[in-house]
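To convert, note that position 789 of the sequence shown is 789 in full-length UniProt numbering; the numbers rise steadily by one, no gaps.
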Amino acid sequence: MFEEHLHGVIDRITYRNEENGWTVLKVKPFDSNRTVSVVMFGEDVFVGKTFDFYGKWIQHKTYGRQFEAKRTVEKQPETLDALRKYLGSGLISGVGPVMANKIVKRFGKDTIDILDHDIESLLNIPGISKSKLGKIEKTWKTHRANRQIVQFLQENNLPISYASKLIDRYGDAALDKLSNDPYSLIEEMHGIGFIRADAIALSTGMSPQSPERVEAMVKYVLSKSKDEGNCYLLRNLIEDKLRRLDSRITTIQLDEVLETLLSKKMVMSRKVHDVIAYYDKKLYDAELSVAQKVCSLLTLDYCNPNLDERIVFSSLEKGEDFPLSSEQRDAIESIVRCPFSILTGGPGCGKTTTLRLLVKFLKNRKLKVMLAAPTGRAAQRMSDVVGGEAKTIHRLLAFNPMVNDFKYNEDNPLEVDFLIVDETSMLDIELSQSLFSAIGEKTQLLFIGDVDQLPSVGAGNVLHDLIQCGKVRVHRLSSVFRQAASSAIIRYAHELNKGEYPEIKTPFQDPMLWKNGEDCMFIDSEVATQEQTAFIRKVKKYYASLFQEKQDIHPSNILQCDGYSWDGFEVPDKFKYADLSRIALSDSETKGLTHITKRISPFSSIHYGYNALDMIIRLYCNTIKQYYDSVIEIQVLTPMTKGLLGTFNLNICLQQVVNPAKSSDVREVKVGKYVLREGDRVIQKRNNYNLEVFNGDIGYISKIADNKRKLGVTFKDKNGTREVVYSVDDFVDLDLAYAITIHKSQGSEFDAVIIPLAFQHFTMLTKNLVYTGMTRGKRLVVFVGNRGALRRASGNCKQEERLTYLAHLI
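Encoded structure:
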């Protein structure tokens, strides 16, 4: 594409958005006496700076002719006047227009060279003392480093937003870091991953097959595998993933790099089923540490005199609506005498009641009991059930961001008699390591969780492996209580978990389901594929062209009239059955879909003019609130992020209805792919120990302030609510949360849950995924989509296979 060039000096800054660097300038070209408008993104912009601007001229409908700069390269000021403006613009601490004029008058065109290499010469200028020179030197060095980095980033087509972060992190050494050790940025700077660092390395001339690059690639592959839940990779998998990154990497190079990394202990290995497995060192240490601690716990003999007596359940059950089952009684009897045990079972099987009475018994014996869960919402629910304080694991272990570690650890264990951790299916191997290391020799430990739910987002499959090892005492509650069985959510969840297809009722067949309080429903609805949508539009476009040519023919007859056929219009074989006339005359794509989709349910929402997306929006904004209450918490849980029914599109569509931009001055901020507004529902994407917010925490944006550089998010906690103030660098950790993935919902419960199910989610349709999603709903679960997708999920019992070795180590 042709790129135009403009060479000139900044005369005035008309407008600047400090949040994203969007800037409107008046620039004086060196080949003209008239200023022109330039629009650009830039970080280090001052009056008097000289730039080469590369981009194109555009005609703005309001502001007229502008130069839209796609990239810029800073140049030395070329005239004395430009130099005076440059130095006197506020760029240098202690140098204003008057002092700038003195400096330029003294050194002329050599001024920049003097500042770079002989700055002490400024002491010869009246008004510059040693202390003032110190300030000038400090700010000039920072500016020079920033200028060099910006130029480096621009020349290599990298985001210039990294410039300030690099300066803050490395100071004067930032450019050297970029040029000579770019791969170290992956671990040292949040936001720079392998892809970015690799682009920097290659741009500096590093050989694509250099050992440093292949080392970085191997570490990246192992790290990426961690994101997929694996603790290790076999060599053939590593090689396969490397070849996908760069097919030039040879087997010999990989073997040499693996040997080097093993010798440096940056990668670890062990034999797994007679095959060598390769680990990221942190995961290797974590898996080994957890295995050793579990084995150590299991050898301890707990003979606490307060527990060494027969439990009187009749006394314990006072005030309960129902007596404990024999399963529950046996579980409590065993748990109180085990150093480490597991309580598992599906919904409605009594885990909650067992927990509550267990804690009651322990506290009656004057034991110190602590309760914890992986997420804030899970901890809050645990607290509500038991009636005592429950903490997130991070707060329990007291993470200290100053030393990047937990306060409680092997050297400083928790002082507690009995620790109970809920929702342990969410525990990954690294958090498990931190938790187990803080368990002292006198502490009993109980894990509670549903092993049939999805495994953790992070590496490992801890609860599953602890059960599979055969060494830990496991108490599985399997009997569904009669009162729980009245819930359709629980009934259908157990059917699904057995691999059975649940025949969930639809309110379009029985509208009384809403009024009668049915808590689980399925709304049949259609999701148009891209191919179907394109064909409907093609038919309508062709019809419109025919009608335009034959204006004397009535629209309803044009397609049937003799002499007016579909000459030249090709219909794909898969749409031969479709009624083209009805498609052409339908008043919307949704109505057109009814004439192109085979086997539409007679109770499908499409007969009422709603496709699946429309139906989700209506449920979220109207129907559920109409039959429950206006403040009910509704959460859309979807299998994927992409597609019409993925989180991205659903969030955009729901935001437009729930919290649209009301005016041009509405307080909002652009963050990544989303625009975030005051009032938006948002989710935290990673642990931020400084702010004490963690991956999966959901809240609402309560304010956007300080010229859009501060953002307040209100989260619920045990004390009600708390507002967390985010600085601009932390904005990237937030996403809209009207819709989140089912994986992100682990450990949480919501009043009402809407779950889209469609064949566009085909690869994700598994039993434990849908089971996890539907058990997140407390009062209501509504599926929207295709029953065939639900049938596919119920029959797909394939568990997510993860490469872990914890069970064997134990």
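Note that beta-carbon positions come from the ideal geometry of N, C-alpha and C, so glycine has one too. Please read these numbers as outputs of a predicted model, since none were measured by experiment.
DSSP bridge partner residues for residue i (one or two, in chain order)
i           : result
Leu-343     : Ile-448, His-475
Tyr-71      : Rather than Tyr, the amino acid found at residue 71 in this sequence is Arg. DSSP lists Tyr-54 as partners of Arg-71.
residue 812 : Residue numbering for the chain in the displayed model covers 1 to 810; residue 812 lies beyond these limits and cannot be assessed.
Met-370     : Leu-419
His-5       : Tyr-54
Met-40      : Thr-23
Pro-756     : Val-784
Ala-739     : Val-636
Ile-523     : Val-784
Asp-280     : Val-267
Ser-727     : Lys-710
Gln-656     : None, per the DSSP bridge assignment.
Spatial distance of residue i from residue j (CA atoms)
i           : j       : result
Leu-324     : Val-728 : 52 Å
His-494     : Pro-347 : 8 Å
Ser-794     : Asn-497 : 8 Å
Asn-143     : Ala-197 : Before going further, note that residue 143 is His rather than Asn in the sequence given. So the two alpha carbons sit approximately 23 Å from each other.
Met-764     : Lys-798 : 11 Å
Lys-165     : Arg-791 : 50 Å
Ile-558     : Gly-643 : Caution is warranted here: a pLDDT of 48 is assigned to Ile-558, below 50, making its placement in the model unreliable, and the coordinate value is therefore given only provisionally. Computed Cα separation, rounded: 36 Å.
Ile-810     : Phe-759 : 40 Å
Val-104     : Pro-97  : 10 Å
Val-275     : Val-571 : 54 Å
Val-9       : Val-36  : 10 Å
Ile-553     : Ile-600 : With a pLDDT of only 49 at Ile-553, under 50, the local geometry of the prediction cannot be trusted, and the value read off the model is given with reservation. The straight-line gap from Cα to Cα measures roughly 32 Å.
residue 819 : Asn-230 : Look at the range of the chain in this structure, 1 to 810, and you will see that residue 819 is not part of it.
Ser-605     : Pro-507 : 10 Å
Met-217     : Asp-706 : 41 Å
Val-657     : His-60  : 30 Å
Tyr-492     : Ile-504 : 8 Å
Lys-710     : Arg-244 : 41 Å
Lys-26      : Asp-11  : 6 Å
Val-527     : Thr-766 : 19 Å
Cys-520     : Asp-510 : 13 Å
Tyr-564     : Gly-64  : The pLDDT assigned to Tyr-564 is 37, lower than 50, so where the model puts this residue is not dependable; a value taken from the coordinates is nonetheless given after this. When rounded, the distance between both Cα atoms is 48 Å.
Three-state secondary structure assigned by DSSP to residue i
i       : result
Tyr-620 : helix
Phe-30  : coil
Ile-583 : helix
Arg-776 : coil
Pro-182 : helix
Phe-750 : strand
Glu-692 : coil
Gln-635 : strand
Ala-390 : strand
Thr-721 : strand
Ala-145 : helix
Lys-767 : helix
Asn-400 : strand
Lys-109 : helix
Gln-66  : strand
Ile-138 : Per the sequence shown, residue 138 should be read as Lys rather than Ile. Correct three-state label for Lys-138: helix.
Tyr-627 : helix
CB-CB length for residue i against residue j, believed under 8 Å
i       : j       : result
His-475 : Ser-334 : 6 Å
Leu-803 : Leu-233 : 7 Å
Glu-423 : Pro-502 : With 8 Å as the limit, Glu-423 and Pro-502 do not qualify as a contact, their Cβ atoms being about 24 Å apart.
Phe-762 : Val-671 : Contact doesn't hold; Cβ gap of about 31 Å is too wide.
Ala-584 : Thr-647 : Actually they are not in contact, since the Cβ atoms of Ala-584 and Thr-647 sit about 34 Å apart, beyond 8 Å.
Leu-654 : Ile-617 : 6 Å
Asn-611 : Ser-486 : Actually they do not touch by this definition, with Cβ atoms about 33 Å apart.
Val-682 : Asp-735 : 7 Å
Tyr-86  : Lys-70  : Not confirmed; about 24 Å, so no contact.
Gln-453 : Thr-772 : 5 Å
The ligand SAH heavy atom lying under 8 Å from the CB of residue i
i       : result
Asp-172 : No copy of the ligand SAH occurs in the structure displayed, which carries no ligand at all.
With three or more C-beta pairs closer than 8 Å as the rule, is the stretch 289-298 touching the stretch 246-259? Contact fails: fewer than three Cβ-Cβ distances are below 8 Å.
Three or more C-beta pairs closer than 8 Å, one from the stretch 625-633 and one from the stretch 740-758: is that the case here? Touching, yes.
Examine the Cβ distances between the stretch 34-49 and the stretch 76-85 and report whether three or more of them are shorter than 8 Å. Inter-segment contact for the stretch 34-49 and the stretch 76-85 is present: three or more beta-carbon pairs are separated by less than 8 Å.
Would the stretch 732-748 count as touching the stretch 195-211 if we require 3 or more Cβ pairs under 8 Å? With the cut-off at 8 Å, the stretch 732-748 and the stretch 195-211 do not touch.
Does the pairing of the stretch 637-651 with the stretch 709-728 give three or more beta-carbon distances under 8 Å? No: fewer than three Cβ pairs fall under 8 Å.
Taking contact to mean at least 3 C-beta pairs separated by less than 8 Å, is the stretch 447-459 in contact with the stretch 396-412? As far as the Cβ criterion goes, the stretch 447-459 does not touch the stretch 396-412, which means the pair count is below three.
With a threshold of 8 Å, are at least 3 pairs of Cβ atoms found where one atom belongs to the stretch 433-441 and the other to the stretch 388-402? The stretch 433-441 and the stretch 388-402 touch, with no fewer than 3 CB-CB distances between them shorter than 8 Å.
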